[in-house]
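Colleague: If you count the sequence shown from 1, position 290 lands on 290 in full-length UniProt numbering, and the numbers rise without skipping.
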Amino acid sequence: MTKPSEAASQSVSDLLTVILTTSVTPSAPSSELIEAIFRSFHRHCPSLTSCRLIVVFDSYDQIVPQARLKRGQVTAEQASNFDLYKVNVKKLVLEQYFPGQDEVPTSVINGEAEFGSPCIVTNSVPFEARQTSDKQVTFIEPSRRLGFGLAVREALRLTETPYVFVAQHDWSIVTDIPIENMLHVMQASESDPAVPVKYVCLPAVRTLSYAVHADVIKHRALRELTSTLKRDFPVTTSTLEPGTTDVNINVPLTPMFFWHDKPHICSTAHYLARVFPSRLAMLRGDFIEDKIGQRARTQMKEGQWARWATWLYYLDDGKQLCVRHLHGRTWRGTEGEERKLALYRAQNGMTVSAGDDTA
Numbered sequence: 001m002t003k004p005s006e007a008a009s010q011s012v013s014d015l016l017t018v019i020l021t022t023s024v025t026p027s028a029p030s031s032e033l034i035e036a037i038f039r040s041f042h043r044h045c046p047s048l049t050s051c052r053l054i055v056v057f058d059s060y061d062q063i064v065p066q067a068r069l070k071r072g073q074v075t076a077e078q079a080s081n082f083d084l085y086k087v088n089v090k091k092l093v094l095e096q097y098f099p100g101q102d103e104v105p106t107s108v109i110n111g112e113a114e115f116g117s118p119c120i121v122t123n124s125v126p127f128e129a130r131q132t133s134d135k136q137v138t139f140i141e142p143s144r145r146l147g148f149g150l151a152v153r154e155a156l157r158l159t160e161t162p163y164v165f166v167a168q169h170d171w172s173i174v175t176d177i178p179i180e181n182m183l184h185v186m187q188a189s190e191s192d193p194a195v196p197v198k199y200v201c202l203p204a205v206r207t208l209s210y211a212v213h214a215d216v217i218k219h220r221a222l223r224e225l226t227s228t229l230k231r232d233f234p235v236t237t238s239t240l241e242p243g244t245t246d247v248n249i250n251v252p253l254t255p256m257f258f259w260h261d262k263p264h265i266c267s268t269a270h271y272l273a274r275v276f277p278s279r280l281a282m283l284r285g286d287f288i289e290d291k292i293g294q295r296a297r298t299q300m301k302e303g304q305w306a307r308w309a310t311w312l313y314y315l316d317d318g319k320q321l322c323v324r325h326l327h328g329r330t331w332r333g334t335e336g337e338e339r340k341l342a343l344y345r346a347q348n349g350m351t352v353s354a355g356d357d358t359a
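1. Give the straight-line distance between the Cα atoms of I265 and V55, rounded to the nearest whole angstrom.
2. Considering Cα atoms alone, identify which of R206, A309, A273, D215 is closest to G318.
3. By DSSP's criteria, F139 is part of a beta bridge. Which residues make up the other side?
4. Is the Cβ-Cβ distance between V195 and L229 less than 8 Å?
5. Taking only three categories from DSSP, how would you classify D14?
6. Does Q101 come out as helix, strand or coil in the three-state DSSP assignment?
7. Look at the alpha carbon of T225 and the alpha carbon of I179, and state the distance between them as a whole number of angstroms.
8. Would DSSP call F82 helix, strand or coil?
9. Given M186, which residues of its chain have a CB within under 8 Å of its CB, disregarding the five upstream and five downstream residues?
10. On the CB-based measure, 16 or more other CB atoms within 10 Å of its CB, does T159 come out buried or exposed?
11. Buried or exposed: where does S31 fall if 16 or more other Cβ atoms within 10 Å of its Cβ makes it buried?
12. Considering only the alpha carbon of each residue, which of T132, L69, W171 lies closest to L94?
13. Tell me S172's beta-bridge partners as DSSP assigns them.
14. Could you work out which residue in S278, F165, R231 is closest to F260 when comparing CA atoms only?
15. Compare the C-beta of E160 against all C-beta atoms of chain C and say whether one is closer than 8 Å.
16. Which residues in the same chain have their Cβ closer than 7 Å to the Cβ of I217, if we skip the five residues on either side of it in sequence?
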């Protein structure tokens, strides 16, 4: 594990791996959704684009006449499109990480994602991981649906950096994120057990002004923790990565009393220990926030917040949005959305004109 004093000598790419989970979406086989996420990285947190990347292509369970994506049920067309989607996303990723290379050598890692009781022989999902020789890019493809929780766990098990940035395929960054500073704060907290920083979530619409939200202020224990812990964590320029020119030296954080699946940075070891202590912790199809979130919140109310050490990035005193949901389960890609818009306007007697977005 990296020591806080080593922060200045290590780059973000030495410290952080990006874990990106994706699955069947109506926009497939287009890779536009992932392209939008990468554009947001380049624009608002370019350091992420130099980090190791693990992409998990979560699969499906059944082919049915009527899709229910959250249950792993897809149509035959969606299943076919997903195969093409994986090809397109791999091409997109490899072109970004290995520009100009027609062929990128990879090695294969075969594994089993176990879950639930070990007495049930079907409680595991085989997967294949393909990894580039420099370990910069890894693609994980399970044979059946894992769900977000197990998808993240299998990626964590292949992670070799002390921290991860976890993102789903339809959450884009909309504000500049000082990732170097955040990592410094997390490293420095290793020597301060009274105020540990193990997990930092980026705020979405529902977590704006979180410190004064009713879910916080109505509980005395959470109010007091917020009053005690909420602060701007200082980052001195001497401890930043050489060449870093970050204007926002302080990192404003407020304690978060939940474990969200929204884009977040977390200690790899902490993630595995707290969220995945055993194969019983997460079942196939589970989301982490659904399975762990309320349990963590209950323990925090009982005085065990430090056990989870979860924080929210609190830019502009909680008024600044940092990530936006693109609604991957319903978004049909640019062409699909244009067709839907044209149909809507035709049905409602509206004139369709180029650049018109009144609907």
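By construction, the Cβ of each residue, glycine as well, lies at the ideal position given by its N, Cα and C atoms. All of these numbers come straight from a predicted model, not from anything done at the bench.
Modeller: Inspection of the coordinates gives the following:
1. In the sequence shown, counting from the first residue as 1, residue 265 sits at position 265. In the sequence shown, counting from the first residue as 1, residue 55 sits at position 55. One Cα belongs to I265, the other to V55, and the distance between them is close to 16 Å.
2. Position 318 of the sequence shown, counted from the first residue, corresponds to residue 318. Distance check between G318 and each of R206, A309, A273, D215 places R206 closest, using alpha-carbon atoms only.
3. The sequence position of residue 139 within the sequence shown is 139, counting from 1. Under the DSSP definition of a beta bridge, F139 partners with V55, R130.
4. As a first step, residue 195 must be located in the sequence shown, where it is residue number 195. As a first step, residue 229 must be located in the sequence shown, where it is residue number 229. Yes.
5. The count along the sequence shown starts at 1 and reaches residue 14 at position 14. D14: helix per DSSP, three-state reduction.
6. By one-based count along the sequence shown, residue 101 stands at place 101. The answer is coil: DSSP assigns Q101 none of H, G, I, E or B.
7. Here residue 225 corresponds to residue number 225 of the sequence shown, with the count starting at 1. Here residue 179 corresponds to residue number 179 of the sequence shown, with the count starting at 1. Here the sequence assigns Leu to residue 225, which means Thr is not the residue at that position. In this model, L225 and I179 are separated by some 25 Å (Cα to Cα).
8. Working through the sequence shown from its first residue, we reach residue 82 at position 82. It is helical.
9. For this step, residue 186 is matched to residue 186 along the sequence shown. Within the same chain, Cβ atoms closer than 8 Å to the Cβ of M186 are found at Y163, V197, K198, V200, I265, S267, the five residues on either side in sequence being excluded.
10. Stepping through the sequence shown from its first residue, residue 159 is reached at position 159. Around the beta carbon of T159, 16 or more other beta carbons lie within 10 angstroms, which makes this residue buried.
11. For the purposes of this step, residue 31 is taken as residue 31 along the sequence shown, with counting starting at 1. Result: buried.
12. Here residue 94 refers to the residue found at position 94 when the sequence shown is read from its first residue. Of the listed residues, the one whose Cα sits closest to L94 is T132.
13. Numbered from 1 along the sequence shown, position 172 holds the residue referred to as residue 172. S172 pairs with R324.
14. The residue labelled residue 260 in the question sits at position 260 within the sequence shown. For the sequence presented, residue 260 should be read as His rather than Phe. Selected option, being the one with the closest Cα: F165.
15. Of the protein chains in this structure there is only one, and it is not chain C.
16. Position 217 of the sequence shown, counted from the first residue, corresponds to residue 217. R223, listed in sequence order.
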